[in-house]
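Undergrad:
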Amino acid sequence: MNNEQGRKERLDRGIKVRTDGLYAIMSLRELCYLTVPRLVLIVGLLILPLVMPSMYWQRVISIVCIYAFLALGFDFLAHFVGLVCLGGAFFIGVGGYLAAILNTSFGFPPLVTIPIATLLGGAICTLLLLPCLPLRGVYFAIVTLMYPLVLMRIIEALNILGGTDGIMGVASFANRWIEQYFVILMVLLFLFGLRRLVNLDIGLVFRAVKDNDQAVRASGMNISFYKAIAVFVASALGCLGGACLVHIYMWSGISLFALDFSILPIAATVIGGAGTVVGPVLGCFILVPISELLRAFGTLRIVFYCLILVAFIVFRSEGIMVYGQRKYHQFERWVKI
Amino acid sequence: MNNQPILEVQEATKSFGGIVAVNRVSLDVHDGEILGIIGPNGSGKTTLINCVTGFIKMTSGKVLFRGRDISGKPPHKIADMGITRTFQIMRPYYSLPCYKNLVIPLFSPRAKRTGGWRGGGKLGDRDTVGIDILEEIGFERDSFVPYKIASSLPTGYLKRLELARCLALKPEIIICDEIFSGLSMSEIASMVPLIERLQMDGITLIMIEHRLRELFRVANRVMVLNFGEKVIEGSPEEVMADDKVKEVYFGSEEVEEVMSHA
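Protein chains in written order, with the numbering used here: chain A, 1 to 337; chain B, 1001 to 1262.
(1) Pull up the CB-CB distance for Tyr1099/B and Tyr1147/B, whole angstroms please, since I reckon it's below 8 Å.
(2) Nearest CA to the CA of Leu129/A: which residue from Glu179/A, Cys85/A, Ile101/A?
(3) Please give me, in chain order, every unbroken run of the alpha helix (DSSP H) with length at least 4 that falls completely inside the stretch 264-334 of chain A.
(4) Tell me, please, whether the CB atom of Asp75/A is closer than 8 Å to any CB atom in chain B?
(5) Give a yes or no on whether the C-beta atoms belonging to Ala1012/B and Leu1035/B are separated by under 8 Å.
(6) Could you tell me which residues DSSP pairs with Ile1149/B in its beta bridges?
(7) Taking DSSP as the reference, what is the three-state secondary structure of Asn159/A?
(8) For Arg38/A, which three-state DSSP category applies?
(9) If you measure from the beta carbon of Met221/A to each beta carbon in chain B, is any gap under 8 Å?
(10) Output yes if chain A places a C-beta closer than 8 Å to the C-beta of Val1129/B; else output no.
(11) Excluding five sequence neighbours on each side, which residues of the same chain lie with their C-beta closer than 8 Å to the C-beta of Leu77/A?
(12) At 4 residues or longer, and completely inside the stretch 1128-1181 of chain B: list those alpha helix (DSSP H) runs for me, N to C.
(13) Check Gln1010/B in the structure and name its three-state DSSP category.
(14) On the CB-based measure, 16 or more other CB atoms within 10 Å of its CB, does Gly1120/B come out buried or exposed?
(15) Does the beta carbon of Val205/A come closer than 8 Å to any beta carbon on chain B?
(16) Tell me whether Ala360/A sits in a helix, a strand or coil according to DSSP, three-state version.
(17) Considering only C-alpha positions, which residue in the set Ile1133/B, Ile1206/B, Gly1017/B is nearest to Val1052/B?
(18) Tyr33/A to Leu39/A, Cα distance in whole Å?
(19) Which bits of chain A does Pro1109/B rub up against, with CB to CB less than 8 Å?
(20) Taking just the CA atoms, how far does Val1218/B sit from Ser1235/B?
(21) Can you confirm whether Asp201/A, when its beta carbon is compared against all beta carbons of chain B, has any partner nearer than 8 Å?
(22) Does any residue of chain A bring its CB to less than 8 Å from the CB of Asp1132/B?
(23) State yes or no: is the C-beta of Ala243/A within less than 8 Å of the C-beta of Ala123/A?
(24) Look at the Cβ atom of Asp1177/B, then the Cβ atom of Thr1084/B, and state whether they are nearer than 8 Å.
(25) Nearest-angstrom Cα distance between Asp1080/B and Ser105/A?
(26) Please compile the residues from chain B whose C-beta is within a distance smaller than 8 Å of the C-beta of Asp260/A.
(27) Expressed to the nearest angstrom, what Euclidean distance is found between the alpha-carbon atoms of Leu120/A and Ala236/A?
(28) Here's the rule I'm using: 16 or more other beta-carbon atoms within 10 Å means buried, otherwise exposed. How should Val1248/B be labelled?
(29) Based on Cα-Cα distance, which residue from Glu1187/B, Asn1220/B, Glu1209/B lies nearest to Gln1199/B?
(30) Could you check what DSSP says for Gly1121/B in three-state terms: helix, strand or coil?
(31) Hey, out of Val112/A, Leu194/A, Gly88/A, whose CA is closest to Ser255/A's CA?
(32) Terminal residues of the continuous alpha helix (DSSP H) containing Ala1021/B?
(33) Any idea if Ile1208/B is buried or exposed, counting beta-carbon neighbours within 10 angstroms, 16 or more meaning buried?
(34) Helix, strand or coil for Lys1230/B per DSSP?
(35) When you compare the CB of Tyr1094/B with every CB in chain A, is at least one pair closer than 8 Å?
(36) From Gly107/A to Gly73/A, what does the alpha carbon distance come to, in whole angstroms?
Okay, structure coming up:
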């Protein structure tokens, strides 16, 4: 009797393990447990422009989304492919200038220039970064950090593409509602898209490249090819941000290559929770508005900003999302099955 | 047995600066054979197979696979042809569960070609195929083990996982770099039939080993390396009887023990 029970338990255990990834939706409560966090995020983002008090803050939301693109790209490259990318400014610049040129020289409307700038920009960035993809270590980070500086000085020195004045007279979005909902929907699309991607089979290959590139090579796969795909995804995201930014500001200049675009997404990733994909977006929604709020302090702004960053890193170094997810999953014990 | 060797290494030489790690080593392996490579630490065994599998570039020499020159090709191309290897220091994907570890080789071009594992269909998706391979290699299907994160596994399972990664590619040659080292006697005892079965399935094996007794049980031929040079090559009995080998392994108790059994 006892023996038989033990045997049954062993069999059940196997079944339980194999069905671990499956969710049996059994009650409204469990349904809520799974969907509410996602719905809060989606609905929250969608009503955000409506509750903003002024046009100034609505504009801030758009800028937050631009940073969110970069942070998503950074998190994807750093935590799922193992490439540390400091080239946010590079992607923004390439995407921005492409969109500006397509708009002013060829007269394409924003809804045409943005997809073209995204794909073409992603391809250009990937091509330029291709030589350092077979290397391991810090080289990728150094090269991505270098490119925006190079492009900025080239534009400045050769006085091409409007030189230091930049390209003016870029068309804006039809109105500010289209502008905001376009960037917000894009953030949501790429957020859930990337989450899906990293759990597909090809996403597992990316994660394997991060874990152990030699073993991937021994499995008969060209790691440079897979790294190139990943870099294309991340740089296309950045270029999308750049293209949107240019149409929001109606101007494209060398400030697109500013270091902010490289550094702030990294800070947002650290604060939001690395490797969670949604964390970096959350980080952007915390960091960028804080930096706007702190304008009241004038020159002391950066000091307070740094203090907040340090506080986050000391007290919640794992990131808000990692902490939040852990706490949330502890609720599961309360649900009766 | 076919006369043309499946893998032929001609005068492979690799020098790191002034140190010659592998010095004009030639070998040939025939279809379905198990070739053992032994030698003291630092004798160039791993360097030799790193050269064969393309992980490091040879200074000079040639590697022929079924008569085709594969020297100088990148490792993924060589693995794509069917020459797979395990690593001496196990290299699983630590953050993934075991069966997900096999999704990566099953995603490779070779597995898509040889296995028809595109996902879906009657063979099931890659997860299912991965679990099947794991079961074949000695993971208990109805236990937790295949579903555990690879970083939490003991050495014995990791060694098997290395082999499973090779098997997922449906290889023609598996090069095992010290697959027995670090295992307990009972683990080795359960590993030996596995090796024998791989041979019966028609896979050619090259095994680098320090565990001579187990190696001599399975190997058809054994090659001895010392200071990067080939000392002798022959059947296990010939190698055991050779004086030069005793000299190479002078003082090593295990060899003395094995020799005395011979």
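Each residue gets a CB set at the ideal place from its N, CA and C atoms; glycine is no exception.
TA: To lay it out plainly:
(1) Start at 1 with the first residue of the second sequence, and residue 1099/B comes out as number 99. Start at 1 with the first residue of the second sequence, and residue 1147/B comes out as number 147. Yes, Tyr1099/B and Tyr1147/B are in contact; Cβ-Cβ is about 7 Å, under 8 Å.
(2) By 1-based counting over the first sequence, the position of residue 129/A is 129. Comparing Cα positions, the closest option is Cys85/A.
(3) 278-293, 301-315, 320-330
(4) As a position in the first sequence, residue 75/A is number 75, starting the count at 1. So no, Asp75/A is outside the interface.
(5) Within the second sequence, residue 1012/B is the residue found at index 12, counting from 1. Within the second sequence, residue 1035/B is the residue found at index 35, counting from 1. Cβ atoms of Ala1012/B and Leu1035/B: not closer than 8 Å.
(6) Along the second sequence, read from residue 1 onward, the residue named residue 1149/B stands at position 149. For Ile1149/B, which the question treats as bridged, DSSP gives the partners Pro1097/B.
(7) Walking along the first sequence from the start, residue 159/A turns up at place 159. In this structure, Asn159/A counts as coil in the three-state DSSP scheme.
(8) Mapped onto the first sequence, residue 38/A falls at position 38. In the structure shown, Arg38/A sits in a helix (DSSP, three-state: H, G or I).
(9) As a working note, residue 221/A is residue 221 in the first sequence. Interface residue, yes.
(10) Numbered from its first residue, the second sequence carries residue 1129/B at position 129. Chain A, which has no Cβ nearer than 8 Å to the Cβ of Val1129/B, makes this no.
(11) The residue given as residue 77/A occupies position 77 in the first sequence. The beta carbon of Leu77/A is closer than 8 Å to those of Leu83, Val84, Cys85, Ala230, Val231, Ala234 in its chain, skipping five residues each way along the sequence.
(12) 1155-1167
(13) Residue mapping note: residue 1010/B aligns to position 10 of the second sequence, counting from 1. Strand at Gln1010/B.
(14) Counted from its first residue, the second sequence places residue 1120/B at position 120. Low local confidence applies: a pLDDT of 46 at Gly1120/B is under 50, so the model's placement there is unreliable, and no value is given.
(15) In the first sequence, the residue the question calls residue 205/A occupies position 205. Taking Cβ atoms only, chain B reaches closer than 8 Å to Val205/A, which makes this a yes.
(16) Nothing about residue 360/A can be read from this structure; chain A reaches only from 1 to 337.
(17) Position 52 of the second sequence, counted from the first residue, corresponds to residue 1052/B. Taking only the C-alpha atoms, the option nearest Val1052/B is Ile1206/B.
(18) For the purposes of this step, residue 33/A is taken as the residue at position 33 of the first sequence. For the purposes of this step, residue 39/A is taken as the residue at position 39 of the first sequence. Rounded to the nearest angstrom, the two C-alpha atoms are 11 Å apart.
(19) Against the second sequence, residue 1109/B aligns to sequence position 109. Within 8 Å Cβ-Cβ: Gly220, Met221.
(20) For the purposes of this step, residue 1235/B is identified with residue 235 of the second sequence, where counting begins at 1. For the purposes of this step, residue 1218/B is identified with residue 218 of the second sequence, where counting begins at 1. Straight-line Cα distance between these residues: approximately 11 Å.
(21) Sequence index remark: in the first sequence, residue 201/A carries index 201 (1-based). It does; some Cβ of chain B falls within 8 Å.
(22) Taking the first residue of the second sequence as position 1, residue 1132/B is located at position 132. No, Asp1132/B lies away from the interface with chain A (no Cβ there is under 8 Å from its Cβ).
(23) The count along the first sequence starts at 1 and reaches residue 243/A at position 243. The count along the first sequence starts at 1 and reaches residue 123/A at position 123. Result no, Cβ atoms of Ala243/A and Ala123/A do not sit closer than 8 Å.
(24) On the second sequence, position 177 is the one that residue 1177/B refers to. On the second sequence, position 84 is the one that residue 1084/B refers to. Going by C-beta atoms, Asp1177/B is not nearer than 8 Å to Thr1084/B.
(25) On the second sequence, position 80 is the one that residue 1080/B refers to. On the first sequence, position 105 is the one that residue 105/A refers to. C-alpha separation (whole angstroms): 47 Å.
(26) Reading the first sequence from its first residue, position 260 is the one you call residue 260/A. Within 8 Å Cβ-Cβ: nothing; Asp260/A doesn't reach chain B, min ~32 Å.
(27) Locating residue 120/A in the first sequence gives position 120, where the first residue counts as 1. Locating residue 236/A in the first sequence gives position 236, where the first residue counts as 1. Cα to Cα, the separation comes out at about 8 Å.
(28) Indexing the second sequence from 1 puts residue 1248/B at position 248. Val1248/B comes out buried.
(29) Numbered from its first residue, the second sequence carries residue 1199/B at position 199. For the residues Glu1187/B, Asn1220/B, Glu1209/B, the minimum Cα distance to Gln1199/B belongs to Asn1220/B.
(30) The count along the second sequence starts at 1 and reaches residue 1121/B at position 121. At Gly1121/B, the pLDDT of 46 sits below 50, so the modelled position is not reliable; the number obtained from the coordinates is stated separately. DSSP places Gly1121/B in coil when its eight states are reduced to three.
(31) Locating residue 255/A in the first sequence gives position 255, counting from the first residue. When only C-alpha atoms are compared, the closest one is Gly88/A.
(32) Within the second sequence, residue 1021/B is the residue found at index 21, counting from 1. Taken as a continuous stretch (DSSP letters only), Ala1021/B belongs to no alpha helix (DSSP H), being part of the beta strand (DSSP E) at 1019-1029.
(33) Taking the second sequence and counting its residues from 1, the one referred to as residue 1208/B is at position 208. Its Cβ being crowded by 16 or more others within 10 Å, Ile1208/B is buried.
(34) Stepping through the second sequence from its first residue, residue 1230/B is reached at position 230. DSSP places Lys1230/B in strand when its eight states are reduced to three.
(35) Residue numbering aside, residue 1094/B sits at position 94 when the second sequence is read from its first letter. Answer yes: the Cβ-Cβ gap between Tyr1094/B and chain A drops below 8 Å somewhere.
(36) Your numbering for residue 107/A matches position 107 in the first sequence. Your numbering for residue 73/A matches position 73 in the first sequence. Their backbone Cα atoms lie some 29 Å apart in a straight line.
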